[in-house]
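See structure below.
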Amino acid sequence: MRLKGLRALITGAASGFGKSMAERFASEGANVALVDISKAALDEVVATIEGSNGGSATGMKCDVTDPGQINDAVSKFLGDGRIDVVVNNAGWSYRNQPLMEVDERTFRKVYEINVFAIYHMTRAIVPHWRETGWGTMINISSTAGIRPRPGLAWYNSTKGAVNSLTQSLAIELAPDNIRVCAIAPVLGRTGLTEAFLGGPETPEVLDTFVSTIPQGRLCTGDDVASAAVFLASSEANFLTGVILPVDGGRCI
1 MRLKGLRALI TGAASGFGKS MAERFASEGA NVALVDISKA ALDEVVATIE
51 GSNGGSATGM KCDVTDPGQI NDAVSKFLGD GRIDVVVNNA GWSYRNQPLM
101 EVDERTFRKV YEINVFAIYH MTRAIVPHWR ETGWGTMINI SSTAGIRPRP
151 GLAWYNSTKG AVNSLTQSLA IELAPDNIRV CAIAPVLGRT GLTEAFLGGP
201 ETPEVLDTFV STIPQGRLCT GDDVASAAVF LASSEANFLT GVILPVDGGR
251 CI
(Lines of atoms letter the chains of each structure in order from A and count residues from 1; the text may use other names and numbers.)
(Lines give C-alpha, C1' and ligand atoms only; values in the text may rest on other atoms or scores of the structure.)
Protein backbone atom coordinates (compact mmCIF):
# COMPACT_ATOMS: atom_id res chain seq x y z
CA MET A 1 0.00 0.00 0.00
CA ARG A 2 1.66 3.19 -1.24
CA LEU A 3 -0.14 5.57 1.15
CA LYS A 4 -0.28 3.39 4.25
CA GLY A 5 -0.41 5.46 7.42
CA LEU A 6 -1.02 8.78 5.68
CA ARG A 7 -3.95 11.01 6.53
CA ALA A 8 -5.43 12.91 3.57
CA LEU A 9 -8.13 15.55 3.21
CA ILE A 10 -9.82 15.79 -0.21
CA THR A 11 -12.25 18.54 -1.17
CA GLY A 12 -15.06 17.99 -3.66
CA ALA A 13 -14.79 14.31 -2.79
CA ALA A 14 -18.43 13.25 -3.20
CA SER A 15 -18.36 12.85 -6.99
CA GLY A 16 -16.25 12.88 -10.12
CA PHE A 17 -12.46 12.97 -9.84
CA GLY A 18 -12.67 13.68 -6.10
CA LYS A 19 -14.64 10.50 -5.44
CA SER A 20 -12.17 8.44 -7.48
CA MET A 21 -9.24 9.90 -5.56
CA ALA A 22 -10.89 9.32 -2.19
CA GLU A 23 -11.60 5.68 -2.98
CA ARG A 24 -8.10 5.06 -4.37
CA PHE A 25 -6.36 6.80 -1.47
CA ALA A 26 -8.31 4.62 0.96
CA SER A 27 -7.47 1.45 -0.98
CA GLU A 28 -3.80 2.46 -0.83
CA GLY A 29 -3.96 2.61 2.97
CA ALA A 30 -4.69 6.29 3.67
CA ASN A 31 -7.13 7.52 6.29
CA VAL A 32 -9.26 9.90 4.24
CA ALA A 33 -11.36 12.92 5.17
CA LEU A 34 -13.90 13.70 2.47
CA VAL A 35 -15.09 17.28 2.17
CA ASP A 36 -17.99 18.32 -0.05
CA ILE A 37 -21.03 20.58 -0.07
CA SER A 38 -23.34 17.57 -0.54
CA LYS A 39 -23.71 15.62 2.70
CA ALA A 40 -25.91 12.90 1.21
CA ALA A 41 -23.42 12.13 -1.55
CA LEU A 42 -20.57 12.17 0.98
CA ASP A 43 -22.31 9.59 3.14
CA GLU A 44 -22.61 7.26 0.15
CA VAL A 45 -18.91 7.52 -0.69
CA VAL A 46 -17.89 6.98 2.94
CA ALA A 47 -20.11 3.90 3.12
CA THR A 48 -18.53 2.54 -0.06
CA ILE A 49 -15.00 3.10 1.24
CA GLU A 50 -15.67 1.58 4.65
CA GLY A 51 -17.76 -1.26 3.26
CA SER A 52 -16.49 -2.49 -0.08
CA ASN A 53 -12.89 -1.38 0.33
CA GLY A 54 -12.53 -1.84 4.08
CA GLY A 55 -10.86 1.57 4.26
CA SER A 56 -11.02 4.40 6.74
CA ALA A 57 -13.00 7.52 5.82
CA THR A 58 -14.75 10.49 7.39
CA GLY A 59 -17.22 12.76 5.62
CA MET A 60 -17.60 16.46 6.44
CA LYS A 61 -20.01 18.86 4.77
CA CYS A 62 -18.14 22.02 3.84
CA ASP A 63 -18.52 25.00 1.53
CA VAL A 64 -14.95 25.63 0.37
CA THR A 65 -15.71 29.29 -0.34
CA ASP A 66 -16.26 29.85 3.39
CA PRO A 67 -12.95 30.11 5.29
CA GLY A 68 -14.71 29.38 8.58
CA GLN A 69 -16.03 26.07 7.28
CA ILE A 70 -12.61 25.12 5.90
CA ASN A 71 -11.01 25.92 9.26
CA ASP A 72 -13.64 23.79 11.00
CA ALA A 73 -13.05 20.83 8.66
CA VAL A 74 -9.28 21.01 9.10
CA SER A 75 -9.61 21.36 12.88
CA LYS A 76 -12.00 18.41 13.09
CA PHE A 77 -9.68 16.10 11.17
CA LEU A 78 -6.67 17.35 13.12
CA GLY A 79 -8.52 16.49 16.31
CA ASP A 80 -7.96 12.83 15.44
CA GLY A 81 -4.26 13.27 14.70
CA ARG A 82 -2.51 15.01 11.81
CA ILE A 83 -3.05 15.82 8.14
CA ASP A 84 -0.30 14.74 5.76
CA VAL A 85 -1.91 15.45 2.39
CA VAL A 86 -4.48 17.97 1.16
CA VAL A 87 -6.04 17.64 -2.28
CA ASN A 88 -7.78 20.84 -3.40
CA ASN A 89 -10.15 19.22 -5.89
CA ALA A 90 -13.41 21.17 -5.49
CA GLY A 91 -14.09 23.10 -8.66
CA TRP A 92 -16.82 24.65 -10.76
CA SER A 93 -17.42 25.99 -14.24
CA TYR A 94 -20.17 27.96 -15.89
CA ARG A 95 -21.65 26.83 -19.23
CA ASN A 96 -19.39 27.32 -22.24
CA GLN A 97 -20.38 30.68 -23.75
CA PRO A 98 -18.92 33.88 -25.23
CA LEU A 99 -16.85 35.76 -22.64
CA MET A 100 -18.97 38.94 -22.81
CA GLU A 101 -22.06 36.95 -21.79
CA VAL A 102 -20.63 35.89 -18.41
CA ASP A 103 -21.93 38.20 -15.70
CA GLU A 104 -19.93 39.43 -12.72
CA ARG A 105 -21.71 37.17 -10.25
CA THR A 106 -20.70 34.10 -12.25
CA PHE A 107 -17.14 35.42 -12.63
CA ARG A 108 -16.84 35.87 -8.87
CA LYS A 109 -18.29 32.43 -8.16
CA VAL A 110 -15.83 30.59 -10.40
CA TYR A 111 -12.92 32.40 -8.73
CA GLU A 112 -14.28 31.81 -5.23
CA ILE A 113 -14.50 28.04 -5.78
CA ASN A 114 -11.48 27.44 -8.02
CA VAL A 115 -8.96 29.93 -6.58
CA PHE A 116 -10.05 31.49 -3.28
CA ALA A 117 -10.70 28.02 -1.82
CA ILE A 118 -7.00 27.19 -2.23
CA TYR A 119 -6.11 30.45 -0.47
CA HIS A 120 -8.40 29.56 2.45
CA MET A 121 -7.07 25.99 2.66
CA THR A 122 -3.46 27.17 2.54
CA ARG A 123 -4.02 29.52 5.46
CA ALA A 124 -5.74 26.73 7.40
CA ILE A 125 -3.18 23.95 6.85
CA VAL A 126 0.27 25.54 6.47
CA PRO A 127 0.67 26.45 10.17
CA HIS A 128 0.08 22.77 11.03
CA TRP A 129 2.58 21.58 8.43
CA ARG A 130 5.19 24.02 9.65
CA GLU A 131 4.79 22.56 13.13
CA THR A 132 5.00 18.93 11.97
CA GLY A 133 7.85 19.64 9.56
CA TRP A 134 6.27 18.45 6.35
CA GLY A 135 3.14 18.23 4.19
CA THR A 136 1.90 17.73 0.64
CA MET A 137 -0.68 19.77 -1.25
CA ILE A 138 -2.10 18.65 -4.59
CA ASN A 139 -4.21 21.14 -6.53
CA ILE A 140 -6.52 19.91 -9.28
CA SER A 141 -6.06 22.25 -12.20
CA SER A 142 -7.05 21.63 -15.84
CA THR A 143 -5.61 21.55 -19.32
CA ALA A 144 -7.71 24.71 -19.71
CA GLY A 145 -5.01 26.52 -17.74
CA ILE A 146 -2.34 25.34 -20.20
CA ARG A 147 -4.22 25.23 -23.50
CA PRO A 148 -7.26 27.54 -23.17
CA ARG A 149 -10.45 26.83 -25.11
CA PRO A 150 -12.87 29.44 -26.51
CA GLY A 151 -16.06 29.93 -24.51
CA LEU A 152 -14.43 29.38 -21.12
CA ALA A 153 -12.23 32.46 -20.88
CA TRP A 154 -12.83 33.22 -17.21
CA TYR A 155 -12.73 29.54 -16.18
CA ASN A 156 -9.47 29.12 -18.11
CA SER A 157 -8.01 32.03 -16.17
CA THR A 158 -8.86 30.43 -12.82
CA LYS A 159 -6.89 27.32 -13.79
CA GLY A 160 -4.01 29.47 -14.99
CA ALA A 161 -4.11 31.04 -11.54
CA VAL A 162 -4.09 27.58 -9.93
CA ASN A 163 -0.97 26.66 -11.90
CA SER A 164 0.87 29.86 -11.00
CA LEU A 165 -0.26 29.62 -7.39
CA THR A 166 0.93 26.01 -7.19
CA GLN A 167 4.43 26.95 -8.31
CA SER A 168 4.51 30.06 -6.13
CA LEU A 169 3.53 28.08 -3.05
CA ALA A 170 6.02 25.35 -3.96
CA ILE A 171 9.00 27.70 -4.08
CA GLU A 172 8.06 29.59 -0.93
CA LEU A 173 7.20 26.53 1.15
CA ALA A 174 10.05 24.29 0.02
CA PRO A 175 12.29 25.34 2.96
CA ASP A 176 9.52 24.07 5.27
CA ASN A 177 9.59 20.65 3.56
CA ILE A 178 6.10 21.29 2.18
CA ARG A 179 5.54 20.08 -1.37
CA VAL A 180 2.91 21.61 -3.66
CA CYS A 181 2.03 20.08 -7.04
CA ALA A 182 -0.92 20.16 -9.43
CA ILE A 183 -2.69 17.76 -11.76
CA ALA A 184 -4.15 19.14 -15.00
CA PRO A 185 -6.73 16.68 -16.40
CA VAL A 186 -8.28 16.94 -19.81
CA LEU A 187 -12.07 16.67 -20.06
CA GLY A 188 -13.62 13.66 -18.34
CA ARG A 189 -17.17 12.57 -17.60
CA THR A 190 -18.02 14.48 -14.41
CA GLY A 191 -20.84 16.70 -13.24
CA LEU A 192 -19.26 19.57 -15.19
CA THR A 193 -18.92 17.86 -18.56
CA GLU A 194 -21.97 19.48 -20.18
CA ALA A 195 -20.88 22.90 -18.91
CA PHE A 196 -17.48 22.48 -20.58
CA LEU A 197 -19.04 21.29 -23.84
CA GLY A 198 -21.71 23.98 -23.82
CA GLY A 199 -24.52 21.47 -24.20
CA PRO A 200 -25.55 17.80 -24.04
CA GLU A 201 -22.95 15.05 -24.47
CA THR A 202 -24.02 14.06 -27.97
CA PRO A 203 -21.83 11.55 -29.82
CA GLU A 204 -20.99 14.21 -32.40
CA VAL A 205 -19.85 16.78 -29.83
CA LEU A 206 -17.83 14.23 -27.87
CA ASP A 207 -16.21 12.83 -31.01
CA THR A 208 -15.14 16.33 -32.04
CA PHE A 209 -13.48 16.93 -28.69
CA VAL A 210 -11.92 13.47 -28.42
CA SER A 211 -10.37 14.01 -31.85
CA THR A 212 -8.16 16.69 -30.24
CA ILE A 213 -6.71 14.17 -27.75
CA PRO A 214 -3.86 12.15 -29.31
CA GLN A 215 -4.63 9.02 -27.25
CA GLY A 216 -8.24 9.19 -28.45
CA ARG A 217 -10.30 9.15 -25.25
CA LEU A 218 -11.49 11.29 -22.36
CA CYS A 219 -9.81 11.38 -18.96
CA THR A 220 -11.15 8.99 -16.32
CA GLY A 221 -11.30 9.17 -12.54
CA ASP A 222 -8.77 6.35 -12.39
CA ASP A 223 -6.33 8.40 -14.49
CA VAL A 224 -6.49 11.30 -12.06
CA ALA A 225 -6.44 9.06 -8.98
CA SER A 226 -3.30 7.28 -10.19
CA ALA A 227 -1.50 10.60 -10.67
CA ALA A 228 -2.64 11.83 -7.26
CA VAL A 229 -1.49 8.66 -5.47
CA PHE A 230 1.95 9.04 -7.06
CA LEU A 231 2.28 12.71 -6.10
CA ALA A 232 1.12 11.99 -2.55
CA SER A 233 3.46 9.03 -2.09
CA SER A 234 7.09 8.92 -0.98
CA GLU A 235 7.98 8.16 -4.61
CA ALA A 236 7.46 11.87 -5.35
CA ASN A 237 9.41 13.24 -2.39
CA PHE A 238 11.73 15.29 -4.60
CA LEU A 239 8.94 16.72 -6.77
CA THR A 240 7.43 20.11 -6.07
CA GLY A 241 5.96 22.81 -8.29
CA VAL A 242 5.05 20.16 -10.87
CA ILE A 243 1.99 20.78 -13.08
CA LEU A 244 1.25 17.24 -14.30
CA PRO A 245 -1.00 17.05 -17.39
CA VAL A 246 -3.20 13.96 -17.39
CA ASP A 247 -4.42 14.56 -20.89
CA GLY A 248 -3.51 11.82 -23.35
CA GLY A 249 -1.18 14.27 -25.10
CA ARG A 250 -3.67 17.12 -25.67
CA CYS A 251 -1.28 19.82 -24.41
CA ILE A 252 1.67 18.77 -26.57
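Its first residue numbered 1, the sequence shown is counted upward by one per residue in the numbering used here. The beta carbon of each residue, even a glycine, is placed where N, CA and C say it ideally should be.
DSSP-derived helix/strand/coil call for residue i
| i | result |
| --- | --- |
| A33 | strand |
| R189 | coil |
| N96 | coil |
| A57 | strand |
| V102 | coil |
| R24 | helix |
| N88 | strand |
| T11 | strand |
| G135 | strand |
| I118 | helix |
| K4 | coil |
Backbone CA spacing between residue i and residue j [nearest angstrom]
| i | j | result |
| --- | --- | --- |
| R82 | S226 | 23 Å |
| S141 | W92 | 11 Å |
| T122 | A57 | 22 Å |
| T48 | A41 | 11 Å |
| F196 | T190 | 10 Å |
| A144 | R2 | 30 Å |
| R130 | K159 | 27 Å |
| G241 | G59 | 29 Å |
| T212 | M100 | 26 Å |
| P175 | A124 | 19 Å |
| P200 | V210 | 15 Å |
| C251 | R149 | 12 Å |
| G5 | F77 | 15 Å |
Counterpart residues of residue i in DSSP-defined beta bridges
| i | result |
| --- | --- |
| R108 | Answer by DSSP bridge pairing: none, since R108 is not bridged. |
| T220 | The partner list for T220 (beta bridge, DSSP) is empty, contrary to what the question assumes. |
| P127 | Paired residues: none, contrary to the question. |
| V45 | BP columns for V45 are empty, so no partner. |
| A184 | P245 |
| R179 | T136 |
Residue i and residue j closer than 9 Å at C-beta
| i | j | result |
| --- | --- | --- |
| N177 | G216 | no |
| I138 | A232 | yes |
| L187 | C219 | yes |
| A22 | V64 | no |
| L192 | G16 | yes |
| S20 | V224 | yes |
| I37 | A73 | no |
| I70 | A117 | yes |
| T106 | W154 | yes |
Nearest-angstrom beta carbon gap, residue j and residue i [assumed within contact, 8 Å]
| i | j | result |
| --- | --- | --- |
| F25 | V32 | 5 Å |
| P185 | V246 | 5 Å |
| V85 | A8 | 4 Å |
| G151 | N88 | So it is not a contact: roughly 25 Å between Cβ atoms. |
| G248 | P214 | 6 Å |
| L169 | V180 | 4 Å |
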